[in-house]
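Q: As they're listed, the protein sequences go chains Y and X.
Sequence positions in the first sequence follow our numbering and run 31 to 293.
Sequence positions in the second sequence follow our numbering and run 202 to 534.
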Amino acid sequence: MNVLELGRVEKTFGGLRAVGGVTLSVADKAIFGLIGPNGAGKTTLFNVITGVYRPDGGTVRFLGQDISGWAPARVAAAGIARTFQNIRVFRSMTVEENVMVAGHRIHRANLLDAVLRNGRWERDEQEFRRRATELLEIMNLRGVAREPAGSLPYGSQRRLEIARALMLSPRLLLLDEPAAGMNSQEAAELERQIRFLRDELGLTVVLVEHNMSVVMSVCERIHVVDHGETVCEGPPAEVKVHPRVLAAYLGEEVPEPAAEATP
Amino acid sequence: MRWLVRGAVAAAVLAGLLGLARVIEGGLMEYAQRVLLLAGINVILAVGLNLINGTTGQFSIGHAGFMAVGAYTCAWVGQHLAPGVAGAVGAGAIADAISLNAALVSGAVTAALAGVIVGVPSLRLKGDYLAIVTLGFGEIIRIVFNNWKALGGATGYSGEDPAGLPAWTTLFWVYAWVVVIITVVRNVTFSQTGRSLIAIREDEVAAEAMATPTTRLKVVAFVLSAAAAGVAGGLFAHLQAGIRPEDFRLEKSIDMIVMIIVGGLGSITGAVVGGVFMAVALELMRDLEEYRLVLYALLLILIMILRPEGLFGSRELSFGWLRRKARGGEPAS
Numbered sequence: 031m032n033v034l035e036l037g038r039v040e041k042t043f044g045g046l047r048a049v050g051g052v053t054l055s056v057a058d059k060a061i062f063g064l065i066g067p068n069g070a071g072k073t074t075l076f077n078v079i080t081g082v083y084r085p086d087g088g089t090v091r092f093l094g095q096d097i098s099g100w101a102p103a104r105v106a107a108a109g110i111a112r113t114f115q116n117i118r119v120f121r122s123m124t125v126e127e128n129v130m131v132a133g134h135r136i137h138r139a140n141l142l143d144a145v146l147r148n149g150r151w152e153r154d155e156q157e158f159r160r161r162a163t164e165l166l167e168i169m170n171l172r173g174v175a176r177e178p179a180g181s182l183p184y185g186s187q188r189r190l191e192i193a194r195a196l197m198l199s200p201r202l203l204l205l206d207e208p209a210a211g212m213n214s215q216e217a218a219e220l221e222r223q224i225r226f227l228r229d230e231l232g233l234t235v236v237l238v239e240h241n242m243s244v245v246m247s248v249c250e251r252i253h254v255v256d257h258g259e260t261v262c263e264g265p266p267a268e269v270k271v272h273p274r275v276l277a278a279y280l281g282e283e284v285p286e287p288a289a290e291a292t293p
Numbered sequence: 202m203r204w205l206v207r208g209a210v211a212a213a214v215l216a217g218l219l220g221l222a223r224v225i226e227g228g229l230m231e232y233a234q235r236v237l238l239l240a241g242i243n244v245i246l247a248v249g250l251n252l253i254n255g256t257t258g259q260f261s262i263g264h265a266g267f268m269a270v271g272a273y274t275c276a277w278v279g280q281h282l283a284p285g286v287a288g289a290v291g292a293g294a295i296a297d298a299i300s301l302n303a304a305l306v307s308g309a310v311t312a313a314l315a316g317v318i319v320g321v322p323s324l325r326l327k328g329d330y331l332a333i334v335t336l337g338f339g340e341i342i343r344i345v346f347n348n349w350k351a352l353g354g355a356t357g358y359s360g361e362d363p364a365g366l367p368a369w370t371t372l373f374w375v376y377a378w379v380v381v382i383i384t385v386v387r388n389v390t391f392s393q394t395g396r397s398l399i400a401i402r403e404d405e406v407a408a409e410a411m412a413t414p415t416t417r418l419k420v421v422a423f424v425l426s427a428a429a430a431g432v433a434g435g436l437f438a439h440l441q442a443g444i445r446p447e448d449f450r451l452e453k454s455i456d457m458i459v460m461i462i463v464g465g466l467g468s469i470t471g472a473v474v475g476g477v478f479m480a481v482a483l484e485l486m487r488d489l490e491e492y493r494l495v496l497y498a499l500l501l502i503l504i505m506i507l508r509p510e511g512l513f514g515s516r517e518l519s520f521g522w523l524r525r526k527a528r529g530g531e532p533a534s
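(1) For Asp143 of chain Y, name the three-state secondary structure that DSSP assigns.
(2) Considering just the uninterrupted stretch of the beta strand (DSSP E) at His134 of chain Y, what are its terminal residues?
(3) Whose C-beta lies closer than 7 Å to the C-beta of Val275 of chain Y among residues of the same chain, with five residues either side of it excluded?
(4) Name the DSSP bridge partner or partners of Phe43 of chain Y?
(5) Candidates Y:Arg138, Y:Arg147, Y:Asn241: which alpha carbon is nearest Thr390 of chain X's?
(6) Taking C-beta to C-beta, are Leu64 of chain Y and Val236 of chain Y nearer than 8 Å?
(7) Can you check which of these residues, Y:Leu54, Y:Leu196, Y:Ala70, Y:Ile117, is closest to Met411 of chain X by C-alpha distance?
(8) How is Asn32 of chain Y classed by DSSP in three states: helix, strand or coil?
(9) When the Cα of Ala276 of chain X is compared with those of X:Leu512, X:Asp488, X:Ala480, X:Ala438, which residue comes out closest?
(10) Could you check whether the Cβ of Pro414 of chain X sits closer than 8 Å to any Cβ belonging to chain Y?
(11) Check whether the Cβ of Met169 of chain Y lies closer than 8 Å to any Cβ atom in chain X.
(12) Any idea what DSSP makes of Ser534 of chain X, helix, strand or coil?
(13) On a CA-only basis, which of X:Gly227, X:Met230, X:Leu238 is nearest Ala368 of chain X? Give me that one, please.
(14) Determine the direct distance from the alpha carbon of Ala247 of chain X to that of Val473 of chain X, and round the result to whole angstroms.
(15) Going by Cα to Cα distance, which pick from X:Pro414, X:Glu510, X:Leu483 is closest to Leu499 of chain X?
(16) Identify whether Val321 of chain X lies in helix, strand or coil by the three-state DSSP scheme.
(17) By Cβ distance below 7 Å, which residues in the same chain neighbour Arg84 of chain Y in space, the five residues on each side in sequence not counted?
(18) For His439 of chain X, which three-state DSSP category applies?
(19) Measure from the C-beta of Val385 of chain X to each C-beta in chain Y and report whether the shortest distance is under 8 Å.
(20) Where do the N-terminal and C-terminal ends of the alpha helix (DSSP H) with Asp154 of chain Y fall, by residue?
(21) Looking at the C-beta of Ile455 of chain X, does it have a partner C-beta in chain Y at a distance below 8 Å?
(22) Taking 8 Å as the threshold, find out whether the region 284-303 of chain X comes into contact with the region 399-414 of chain X through three or more Cβ pairs.
(23) If you draw a straight line from the C-alpha of Ala144 of chain Y to the C-alpha of Thr416 of chain X, how long is it?
(24) Is there at least one Cβ from chain Y nearer than 8 Å to Thr256 of chain X's Cβ?
(25) Provide the residue span of the alpha helix (DSSP H) that contains Thr274 of chain X, from first to last.
(26) Could you give the DSSP three-state label for Pro273 of chain Y: helix, strand or coil?
(27) Is there a Cβ from chain X that is less than 8 Å from the Cβ of Gly133 of chain Y?
(28) Could you tell me whether the Cβ atoms of Lys453 of chain X and Gln259 of chain X are closer together than 8 Å?
(29) Please report whether the beta-carbon of Glu403 of chain X lies at a distance below 8 Å from any beta-carbon of chain Y.
(30) Cβ of Ser537 of chain X less than 8 Å from any chain Y Cβ?
(31) Measure how close the beta-carbons of Ser261 of chain X and Asn251 of chain X come, nearest whole angstrom, since I'm counting them as under 8 Å.
(32) Entirely within the region 306-354 of chain X and at least 3 residues each: give me those beta strand (DSSP E) ranges in chain order.
(33) Under 9 Å Cβ-Cβ, which residues of chain Y neighbour Asn251 of chain X?
(34) With a threshold of 16 other CB atoms inside 10 Å of the CB of Pro446 of chain X, please say whether the residue is buried or exposed.
(35) Whole angstroms is fine: what's the gap from Leu227 of chain Y's alpha carbon to Trp374 of chain X's?
(36) In the region 206-232 of chain Y, which residues sit with their C-beta less than 9 Å from some C-beta in chain X, listed in chain order?
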């Protein structure tokens with residue numbers, strides 16, 4: 031069963047065709063890479079999947095259900111969580127509070143319970159704090175739980191975004207350049223964490239990433255896009271040497287000029 | 202057990218308030234009492250407005266409109282309720298208290314309804330639409346009351362009695378409502394709802410991606426804030442002999458915004474301080490006559506230069522914070 035299926039998804043901005051008919055399927059519990067040069071349409075695809083943009087054509091299916099055009103909060107509640115390329119943590123809130131915000135869907139206490147500070151409210155708060163602590167532990171952020179999120183280094187803020195996304199108890203996790211700004215040691219730690227999420231929590235992960243060593247080591251399948259269109263798809267070893275991928279990243283190979291007469 | 206403790210605390214606070222109000226009413230000049238009453242009403246306005254402007258980051262610049270709705274409703278309901286209540290329990294302080302509080306609740310409800318009508322369409326959108334819509338709303342409400350003959354039109358509403366509206370607004374009731382409003386706003390702010398409101402302020406796109414029902418929560422915050430303004434309006438009405446549409450001009454809305462900015466946007470403590478500051482500063486400068494507003498403006502500019510984040514920033518004064526300070530907040534020298 032495929033968790034995510036895109037069928038000929040299109041998105042244009044005025045005259046710019048950001049995504050032009052991308053079709054792809056992500057299998058359950060896969061770690062799936064989405065790569066391509068800058069401006070290839072990867073983040074636009076994420077935004078279409080999560081409902082930030084409405085697709086101009088094609089369908090987005092999640093667990094077999096057509097979710098094209100759903101509002102972002104509804105998509106998130108259905109089980110698709112994401113992180114952002116340009117970090118979007120709630121800067122003035124503590125790390126722990128950032129994670130707790132994403133628990134809104136599972137909170138049972140209503141506003142009146144909160145005003146009265148009754149038992150139901152207290153159980154909710156405790157449960158939220160417990161879950162947040164657990165997730166911060168997984169992402170190795172427990173030590174900074176009470177720090178304001180905006181004061182963390184970039185690498186930690188990216189991991190915080192993952193912890194926050196996990197609070198939604200998603201089936202599918204979309205990571206937009208999670209290794210950007212990380213040193214090689216942090217990136218290696220991130221690889222381990224991504225595998226843990228799939229192996230231990232049973233998540234399906236789709237990853238947009240420019241750090242090729244991360245992509246090649248952690249992804250099982252990679253989908254390459256360029257100018258909003260699919261270039262190819264396959265396992266890392268195949269994609270790495272695919273001539274069209276090399277062309278997209280490095281430019282077309284110019285035929286060597288006919289050898290001039292050597293003196 | 203916990204409810205017992207809370208009940209005891211609430212009773213103690215009320216008894217303390219009542220005692221304090223008696224002492225102050227006995228010992229202070231009427232003039233000083235009036236400043237204290239206005240300060241309390243300001244605090245209700247500021248703490249309420251701060252929930253939407255400070256905590257949620259959605260700017261309302263027409264809160265005087267909600268205050269007007271609450272004031273007129275409360276005055277009218279009070280007029281029509283009081284004879285019946287007096288007949289039932291006998292005229293006196295108890296009848297007044299019942300009439301006042303029933304009228305205040307009705308003022309809060311109508312202000313909240315007005316909040317729903319204004320908030321639902323404008324808060325569905327991201328951005329500064331609320332500011333524009335509330336600005337218009339404040340003016341429309343004022344013009345409506347200006348032309349509402351049954352409520353006195355431009356001359357204002359002062360009830361049936363030629364002496365004007367009954368002077369029900371006492372120190373005790375003002376500060377009892379201050380305690381209620383601060384408690385409600387604090388408990389909402391420090392809960393999942395409050396965290397979500399701050400998240401909306403910090404980054405609405407990210408909040409939505411975390412399944413936060415942003416529109417609904419923005420409306421909830423806005424309606425609570427409107428209801429608080431309604432209560433303040435009702436207390437204000439029974440402090441005056443009458444209310445006029447002129448009492449709820451745009452300047453009144455701006456005053457409220459100044460209170461929360463001076464105190465520190467997003468801080469309940471700041472809103473309390475800002476509300477008191479506004480009442481006291483304006484009164485202290487009364488002798489300066491026409492120079493008053495000049496000095497007042499200079500004072501605001503100075504605060505913005507010296508403490509651009511407001512007196513309290515986004516910090517709160519809490520028992521925990523005081524304890525930490527006392528235990529060793531001072532750096533060893």
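Backbone N, C-alpha and C fix where the C-beta goes; we use that ideal spot for every residue, glycine too.
A: The answer reads as follows:
(1) helix
(2) No beta strand (DSSP E) holds His134 of chain Y; DSSP gives it neither H nor E.
(3) Val254, Val261, Cys262, Val269
(4) The partner list for Phe43 of chain Y (beta bridge, DSSP) reads Y:Leu46.
(5) Y:Arg147
(6) Contact check for Leu64 of chain Y against Val236 of chain Y passes: the beta carbons are separated by less than 8 Å.
(7) Nearest Cα to Met411 of chain X within the set Y:Leu54, Y:Leu196, Y:Ala70, Y:Ile117: Y:Leu196.
(8) Strand at Asn32 of chain Y.
(9) X:Ala438
(10) yes
(11) no
(12) The predicted position of Ser534 of chain X is uncertain, since its pLDDT is 34 and thus under 50; a value taken from the coordinates is nonetheless stated next. Of the three classes helix, strand and coil, the one that applies to Ser534 of chain X here is coil, per DSSP.
(13) X:Leu238
(14) 7 Å
(15) X:Leu483
(16) helix
(17) Gly99, listed in sequence order.
(18) coil
(19) yes
(20) 149-168
(21) So, not an interface residue.
(22) no
(23) 19 Å
(24) no
(25) 264-290
(26) Pro273 of chain Y falls in the helix class under three-state DSSP.
(27) yes
(28) no
(29) yes
(30) One cannot answer for residue 537 of chain X here, as it falls past the ends of chain X, which runs 202 to 534.
(31) 11 Å between Cβ atoms; not a contact.
(32) none
(33) What Asn251 of chain X touches in chain Y: nothing, since even the nearest Cβ is about 15 Å away.
(34) buried
(35) 56 Å
(36) Result list empty, no residue passes.
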